[in-house]
Structure formats: C-alpha cells, structure tokens
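S.K.: Oh and the sequence shown: position 32 is 435 in the numbering used here, straight run, nothing missing.
Glycine included, every Cβ here is placed at the ideal spot set by N, Cα and C.
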Amino acid sequence: MWTSKKDFEDIRYETCDDGAIAKITINRPEVRNAFRPKTVKELLVALDLAHEDPQVGVIILTGEGDKAFCSGGDQKVRGHAGYVGEDGIPRLNILDVQKKLRGIPKPVVAMVAGYAIGGGHVLHIVCDLTIAAENARFGQTGPKVGSFDGGLGASYLARIVGQKKAREIWYLCRQYDAQQALEMGLVNTVVPNDQLETETLQWCREMLAHSPLALRCLKASLNADCDGQMGLLDLAGNATLLYYMSEEAKEGKNAFVEKRQPDFSKFPRVP
Ligand code: 2NE
Numbered sequence: 404m405w406t407s408k409k410d411f412e413d414i415r416y417e418t419c420d421d422g423a424i425a426k427i428t429i430n431r432p433e434v435r436n437a438f439r440p441k442t443v444k445e446l447l448v449a450l451d452l453a454h455e456d457p458q459v460g461v462i463i464l465t466g467e468g469d470k471a472f473c474s475g476g477d478q479k480v481r482g483h484a485g486y487v488g489e490d491g492i493p494r495l496n497i498l499d500v501q502k503k504l505r506g507i508p509k510p511v512v513a514m515v516a517g518y519a520i521g522g523g524h525v526l527h528i529v530c531d532l533t534i535a536a537e538n539a540r541f542g543q544t545g546p547k548v549g550s551f552d553g554g555l556g557a558s559y560l561a562r563i564v565g566q567k568k569a570r571e572i573w574y575l576c577r578q579y580d581a582q583q584a585l586e587m588g589l590v591n592t593v594v595p596n597d598q599l600e601t602e603t604l605q606w607c608r609e610m611l612a613h614s615p616l617a618l619r620c621l622k623a624s625l626n627a628d629c630d631g632q633m634g635l636l637d638l639a640g641n642a643t644l645l646y647y648m649s650e651e652a653k654e655g656k657n658a659f660v661e662k663r664q665p666d667f668s669k670f671p672r673v674p
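1) Is Asn-596 near Glu-537, with beta carbons less than 8 Å apart?
2) State the DSSP-derived secondary structure class of Lys-567, mapped to helix, strand or coil.
3) Could you tell me the boundaries of the beta strand (DSSP E) in which Gly-655 lies?
4) For Gly-522, report the span of its alpha helix (DSSP H) as first-last.
5) As a quick exercise: from Arg-435, Val-548, Lys-409, Gly-485, pick the residue whose alpha carbon is nearest that of Asp-451.
6) Val-525 to Leu-560, Cα distance in whole Å?
7) My guess is that Lys-568 and Tyr-518 are in contact by the Cβ rule of under 8 Å, so how many angstroms apart are they, rounded?
8) Can you list, in chain order, the stretches of the alpha helix (DSSP H) that have 4 or more residues and sit fully within the segment 542-630?
9) Look up Leu-532 in the DSSP assignment and say whether it is helix, strand or coil.
10) Only counting the same chain, and skipping five residues up and downstream in sequence, which positions put a Cβ closer than 8 Å to that of Pro-546?
11) With DSSP run on the structure shown, which of helix, strand or coil describes Ala-516?
12) Taking all protein chains shown into account, do 16 or more other C-beta atoms lie within 10 angstroms of the C-beta of Gly-476, making it buried, or fewer, making it exposed?
13) Alpha helix (DSSP H) containing Arg-505: first to last residue?
14) State buried or exposed for Met-514, treating a residue as buried only when at least 16 other CB atoms are found within 10 Å of its CB.
15) Could you tell me if Val-593 is buried or exposed, where buried requires 16 or more neighbouring beta carbons within 10 angstroms of its beta carbon?
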C-alpha cells in the first residue's frame, strides 16, 4: 500500500492513496527512534518534499515499530553544545523540524505507538493532531537528563494542557499513559494498537475530503493565535495567495504588464 518516494538512512518517506497521504517514519528502533543530526536533516528534506508536492494533502509523522514514536535527542551523540553529527558540529536542529511541522500548510498527524518522550514528545505536541495507540506513553525527561525545551515544548504544551499540568509534566518528569493523555487533551483519540494505522488513515481521508484552502487557512489561523508576528506572516501569506487568485488582483498585474492604467471600478466594495 505504501510507496517509497526517496531513500534515506534514518527515516522512511512513503505515500499512499495516489500520493495524497505522505508518511514520514523515524527508523531507528534500536534507540527507540531517538534523533541524531542526520535524522533531523533527513526529516527536513522529507517535510520539504511533502510541502512541495501538490498531490500530498496530509502528512503522518511516526516511528518505526510499536515500542516508540520517538525518544528525543540521541543522548549518545550529545556533545558539549548539542547533538554532534558526522561533521563534528554540535546542533539543536530539531527546532527547525518543529518550525517546519508547524509552518507546513497541510495537516500533520502524529501517529504514536509506544514512547513519545523528551524531544520526541515535543514533536507530537507540535503536530496538528495526535492519534495514540493504547500502549502510548508520554512525558518530558529534560530536567532528569540535563536538558529542556523552553520553546514550543513549554509554551505550546501549556496552551494545550494548561499551565499547572505543563509545569507538572516538566518539573516531575513523569510518564502518562494514553488514557491520561486523552483526558488532558494532549491527544485526539486512543485506539487499540493493531488499529493505529487504519484509524490514522481514516482521519487523514476525512480531512482530504475537505477544502484544502480552508484547512490551510485554519492551520495558519490557529497558529497565528500563538505565534505573534510570525504567525501573522503565514496567515497574511494565505490572504495574499487568495487575493492573487481574484480577478481584482489580476487586473492590477495585467495593467502593469500591458502598460495601461488599472481599472478597478468594476470590483465591488462589499460591506
Ligand atoms: C524511551 C524510554 C522510556 C524507553 O525505555 P525502554 O525501557 O523501553 O528501553 P531502553 O532499554 O531504555 O532503551 C532501549 C535502547 O534505546 C536506547 C537505550 O540506551 C537502549 O540502548 P542499549 O542500552 O540497549 O544499547 N535509547 C533510548 N532512548 C534513547 C535516547 N534518547 N538516546 C539514545 N539512546 C536511547 C527510555 O529509553 C528513555 O527514557 N530514553 C531517554 C529519553 C530521553 O531522555 N530523551 C532525551 C530528552 S532531551 C531531548 O530530547 C531534547 C531536548 O530536551 C531539547 C532539545 C532537543 C532534544
């Protein structure tokens, strides 16, 4: 059912439903799908592919196997100032993935079996929706392992579960099962492990039946509520996109190209 679209080392990038659904799988099960700099670089490439492909309407982010969605940054390659890749340079480039997940103008669904922990927990937080298997477990570990994500991992988490719960999650570093996650609004639904992909695809297909522009603008609007001027940038970008598609905007462009004065008189000033 899934067609591989590009070969990677740390991830898989596949599509189904005639290319309408893209699935990005972190494929490092031996470390519970922890990410290293190479994983992150590949995630950015795959997200770009899904972004640029007009066939793709919805993106699934998941982890290989049923033990983990993602266990965060690979602690075994964590160096003096970040996660160290083959070039020897320390990076925290997972933040670029968070930005991309949030900015990509298509719904992204986290499909979570097993652990979504640490930076892996933040990845699911940043996705638009989360479908959890019954065996899913959620939590932050930062203060235990000498790390923290004070960006979306803190502020956006608090928007989702409230300030008290967000502080509990970060200060105590406990783990929460799928049912607890559902009760605090951290996930959208919980399904039996063997139905995780079927249910996720069902949610994707429901979204695919709806207006892509409406979904795109809704994502930008919901982001803008939290994202300040950068959120307005994306939201306004959508307004410009829609305006470019109007006859009124085309009159301005055509008049310039045809070296004449534009005639906007036929366009109504609707109340
Ligand atoms: C994920 C969890 C709870 C799983 O526990 P369990 O018992 O199912 O597996 P186990 O035995 O702990 O792990 C299996 C193998 O995966 C490795 C382990 O070391 C082990 O390998 P071996 O010892 O058998 O060789 N593994 C698991 N997680 C890893 C990781 N993140 N990095 C490297 N190797 C890992 C349990 O494994 C766990 O708690 N993992 C650590 C979670 C964690 O603390 N993640 C980092 C948080 S900080 C972060 O992600 C971050 C941030 O805060 C800010 C910016 C960027 C990143």
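M.R.: Taking the coordinates as given:
1) Against the sequence shown, residue 596 aligns to sequence position 193. Against the sequence shown, residue 537 aligns to sequence position 134. Yes, Cβ-Cβ distance for Asn-596 and Glu-537 is below 8 Å.
2) Mapped onto the sequence shown, residue 567 falls at position 164. Residue state for Lys-567 is assigned as helix, using DSSP reduced to three classes.
3) Numbered from its first residue, the sequence shown carries residue 655 at position 252. Where Gly-655 is concerned, there is no enclosing beta strand (DSSP E), although the alpha helix (DSSP H) it sits in stretches over 650-660.
4) Here the question's residue 522 lines up with position 119 in the sequence shown. Note, Gly-522: alpha helix (DSSP H), 522-529.
5) Counted from its first residue, the sequence shown places residue 451 at position 48. If we check each option's Cα against that of Asp-451, Lys-409 comes out closest.
6) By one-based count along the sequence shown, residue 525 stands at place 122. By one-based count along the sequence shown, residue 560 stands at place 157. Rounded to whole angstroms, Val-525 to Leu-560 spans 8 Å at the Cα level.
7) By one-based count along the sequence shown, residue 568 stands at place 165. By one-based count along the sequence shown, residue 518 stands at place 115. Actually they do not touch by this definition, with Cβ atoms about 19 Å apart.
8) 545-548, 555-564, 566-575, 581-586, 599-611
9) Reading the sequence shown from its first residue, position 129 is the one you call residue 532. Leu-532: strand per DSSP, three-state reduction.
10) Taking the first residue of the sequence shown as position 1, residue 546 is located at position 143. For Pro-546, the CB contacts under 8 Å within the same chain, skipping 5 residues up- and downstream, are Trp-573, Tyr-574, Cys-576 in chain order.
11) Your numbering for residue 516 matches position 113 in the sequence shown. Residue state, collapsed to three classes: coil.
12) Numbered from 1 along the sequence shown, position 73 holds the residue referred to as residue 476. Classification of Gly-476: buried, given that the 10 Å Cβ count is 16 or more.
13) By 1-based counting over the sequence shown, the position of residue 505 is 102. Element bounds for Arg-505: 497-506.
14) The sequence position of residue 514 within the sequence shown is 111, counting from 1. With 16 or more Cβ atoms within 10 Å of its Cβ, Met-514 is classed as buried.
15) Counting from one through the sequence shown, the residue named residue 593 turns up at place 190. Here Val-593 is buried. Its C-beta has 16 or more other C-beta atoms within 10 Å.
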